[in-house]
Structures are given as C-alpha cells and as structure tokens.
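S.K.:
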Amino acid sequence: MSGFRRSREALVDATITVDGEPVAAVEGESVASALIAAGRAGFAVSGKTGHRLAPYCLIGACFGCLCEIDGRPQVQACLEPVRSGMVVRTRNPEPPHDR
Ligand code: FES
136 MSGFRRSREA
146 LVDATITVDG
156 EPVAAVEGES
166 VASALIAAGR
176 AGFAVSGKTG
186 HRLAPYCLIG
196 ACFGCLCEID
206 GRPQVQACLE
216 PVRSGMVVRT
226 RNPEPPHDR
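Written out as structure tokens, the structure reads:
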C-alpha cells in the first residue's frame, strides 16, 4: 500500500486506463496525482540509469513523471489533466511492490 491516499474518495468521478487496467480518478486532477493516489507513484523509468522514478516536483520541472498519454509519448503527467477514458502507458508497467 502506498503512503498516499485520497482524502475524499467521493470526488472520484472518472476512470482512466493505465497499462491496460482501470484506475479511478478525478476529472481535472493531474494524471500524476491520479497515479499516486492509485498507489502507482513509481511509474516512470530513468532513460539513463533504468531506475524507477516518481513524480517529484509536480510543476513540470523534474521530468520524473513522463509517460504516454492517448498515444502522445513523453508527456509530463503532472501537467496533464485527467479526462475520463484517457489511455495512459507508463514507462514502468510492473506493479509497484507496495500495492
Ligand atoms: S513531476 Fe516533475 S515534471 Fe512532472
């Protein structure tokens, strides 16, 4: 289980597909926030070291959140608002160990 969880589950009103699995989200929150809330914080991988990365800044500065969204590669998930039905492919599709 991740150390993060939603404070208000009642706000969840969208579903996105992440690496082929449905993930509950809130319309308009960032994709990075949705993934963190779903216990998938380590969803990116360093192209240099191969190590798992997690969103760090959440303001578009660190690139620790790159993933493919609706077929667009290298999207900063922290800057992309959730829209129900969107399809996300992470660079680390292995489930995190803490789920
Ligand atoms: S979390 Fe830093 S750029 Fe997205």
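When the letters of the sequence shown are read in order and numbered with this note's numbering, they come out as residues 136 to 234.
For glycine and all other residues, C-beta sits at the position ideal for the given N, C-alpha and C.
Computed from a predicted structure; not experimentally measured.
Could you tell me which of Val161, Leu201 and Ser165 sits nearest to Pro216, measuring between CA atoms?
M.R.: The residue labelled residue 216 in the question sits at position 81 within the sequence shown. Answer by Cα proximity: Ser165.
S.K.: Beta-carbon within less than 6 Å of Gly211's beta-carbon, same chain only, minus the 5 sequence neighbours each way: which residues are those?
M.R.: Here residue 211 is taken as the residue at index 76 of the sequence shown, counted from 1. Note that residue 211 is Gln in the sequence shown, not Gly. The answer, listed in chain order, is Gly195 and Cys200.
S.K.: Do you know how far the Cα of Val161 is from the Cα of Leu146?
M.R.: Here residue 146 refers to the residue found at position 11 of the sequence shown. Here residue 161 refers to the residue found at position 26 of the sequence shown. Distance between the alpha carbons of Leu146 and Val161: 6 Å.
S.K.: Let me know the secondary structure DSSP gives Ala167 once reduced to three states.
M.R.: In the sequence shown, counting from the first residue as 1, residue 167 sits at position 32. Here Ala167 sits in helix by DSSP.
S.K.: Could you tell me which of Arg140, Leu193, Tyr191 and Val222 sits nearest to Gly174, measuring between CA atoms?
M.R.: Here residue 174 refers to the residue found at position 39 of the sequence shown. The candidate whose alpha carbon is nearest that of Gly174 is Arg140.
S.K.: Is Ala172 near the ligand FES, in the sense that its beta carbon is under 7 Å from a heavy atom of that ligand?
M.R.: The count along the sequence shown starts at 1 and reaches residue 172 at position 37. No, the Cβ of Ala172 stays beyond 7 Å of every heavy atom of the ligand FES.
S.K.: Would you tell me roughly how many angstroms separate the C-alpha atoms of Gly163 and Leu214, rounded to the nearest one?
M.R.: Reading the sequence shown from its first residue, position 28 is the one you call residue 163. Reading the sequence shown from its first residue, position 79 is the one you call residue 214. Computed Cα separation, rounded: 10 Å.
S.K.: If you scan the segment 139 to 223 from start to end, which runs of the alpha helix (DSSP H) of 4 or more residues do you find wholly inside it?
M.R.: Those alpha helix (DSSP H) runs which fall completely within the segment 139 to 223 and span 4+ residues are 166 to 172.
S.K.: Let's test the definition: count the other Cβ atoms within 10 Å of the Cβ of Pro157 and tell me whether it reaches 16, buried, or not, exposed.
M.R.: Sequence index remark: in the sequence shown, residue 157 carries index 22 (1-based). Exposed is the call here.
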